[in-house]
Amino acid sequence: MENCVDGSSLEQSLLKEFPKLHLVPQTNQLIFLFTIIRDKKTTRTDFVFYCERIIRLVVEAGLDLVPVLPKDVTTPTGAIYKGCMPDPQGIIGISILRAGESMERVLRETCRGIRIGKILVQRDEKTVEKCPDERYNYSKVPRDVAGRRVLLLDPMIASGGSAIHATDILIREYKVPEENIIFLNLITCPEGIRRYMSRFPKVHVVTAAIDGTLDDSKYIVPGLGDFGDRYFGTHD
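The numbers in full-length UniProt numbering rise by one with no breaks, and the one at position 23 of the sequence shown is 23.
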């Protein structure tokens, strides 16, 4: 049987350059899922379904970075199982609007009762940069976020502008320690990940794919187009 997985030198170079960058194992099954969601002919229903399968893999990989404490339990056979439980410090999810909301359902299904906050960073379409004026930002975050682990949600890291701005808001305004942030996304590229991780070297970043580059419109290539439009059904 043919193996679809082909670990690129680019991936290995970035993983070596940034020790806190984590790439979900590149299995045949993952490549199959990406083949579907990258196809421009894929229907919205299939796009959502298969994206959420990838999101689940990313969320589970991110949760694996959360500290745990040992816990022994007694099984129905009377034996002792030496297991573990998540650190009671707790976890909060923060989605970067709007695309980050696509990851919320899987996170809620994986972490029962998790609280989720929101951060909006508005794009300046003329400069393809992010508006620096805070009046363009909206954030609604649980008050005790500074004392929690934060799972930051955004499916794409392209130029890195939105991610940098949202992370800066968490650190500067909400006093979240940089090392307590775990950024979860589906696809990134060298330009975005280098810009982001050079700014926040203590943040863990979990991604399912590292693509080649950005085009002139700041879309990831090969990418999958505008994630939010395809997921929420708002594209033309």
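Built from N, CA and C at the ideal position, the CB exists for glycine as well.
Fair warning: this is a prediction, and the values are worked out from it, not measured in the lab.
Taking one C-beta from the segment 12-31 and one from the segment 189-197 each time, how about it: are there three or more such pairs within less than 8 Å? Counting Cβ pairs under 8 Å, three or more are found: they touch.
Please say whether Ala166 and Ile96 have beta carbons closer to each other than 7 Å? yes
Enumerate in chain order the residues of its own chain whose CB-to-CB distance from Val141 is below 6 Å, with the five nearest sequence positions on each side excluded. Correct list, in chain order: Gly117 and Tyr174.
Pull up the distance between the alpha-carbon of Val121 and that of Ser162, whole angstroms please. 6 Å
When burial is assigned at 16 or more other CB atoms within 10 Å of the CB, is Ser198 buried or exposed? exposed
Return the first residue and the last residue of the beta strand (DSSP E) that Gly62 is part of. Here Gly62 belongs to no beta strand (DSSP E); instead the alpha helix (DSSP H) covers Arg44 to Leu63.
Collapsed DSSP secondary structure at Pro70 in the structure displayed: Correct three-state label for Pro70: strand.
Contacts around residue 240, its chain only, beta-carbon distance under 6 Å, and the 5 residues preceding and following it disregarded: Past the boundaries of the shown model lies residue 240; the chain is included only from 1 to 236, so the question cannot be answered.
Three-state secondary structure assigned by DSSP to Thr27: coil
Which of the three DSSP states is assigned to Ala209 in this structure? strand
Own chain, CB closer than 6 Å to Tyr136, minus 5 neighbours either side, in chain order: With a pLDDT of 44 at Tyr136, under the threshold of 50, the predicted position of this residue should be treated as unreliable, and no value is reported.
Mapping the DSSP letters down to three states, classify Ile36 as helix, strand or coil. Three-state DSSP puts Ile36 in a helix.
Classify Glu129 as helix, strand or coil using the three-state DSSP reduction. Residue placement at Glu129 cannot be trusted, given a pLDDT of 49 that sits under 50; the coordinates are not used to answer.
Going straight from the alpha carbon of Pro76 to that of Met156, what length do you get? 44 Å
First through last residue of the beta strand (DSSP E) which encompasses Ile81: The sequence shown places Tyr at residue 81, not Ile. Segment Ile80 to Pro86, the beta strand (DSSP E) holding Tyr81.
Can you give me the C-alpha to C-alpha distance between Thr213 and Pro222, rounded to a whole angstrom? C-alpha separation (whole angstroms): 8 Å.
Touch test, the segment 93-108 against the segment 49-63, Cβ-Cβ under 8 Å, three pairs minimum: Yes, they touch.
Rounded to the nearest angstrom, how far is the Cβ of Ser139 from that of Ile164, given a contact under 8 Å? With 8 Å as the limit, Ser139 and Ile164 do not qualify as a contact, their Cβ atoms being about 15 Å apart.
Just to confirm, are Leu151 and Leu184 a CB contact at a threshold of 7 Å? yes
Going by alpha carbons, who is nearest to Pro86 out of Asp215, Ile114, Ile37 and Val205? Ile114
Where does the unbroken alpha helix (DSSP H) through Val106 begin, and where does it stop? Glu104 to Thr110
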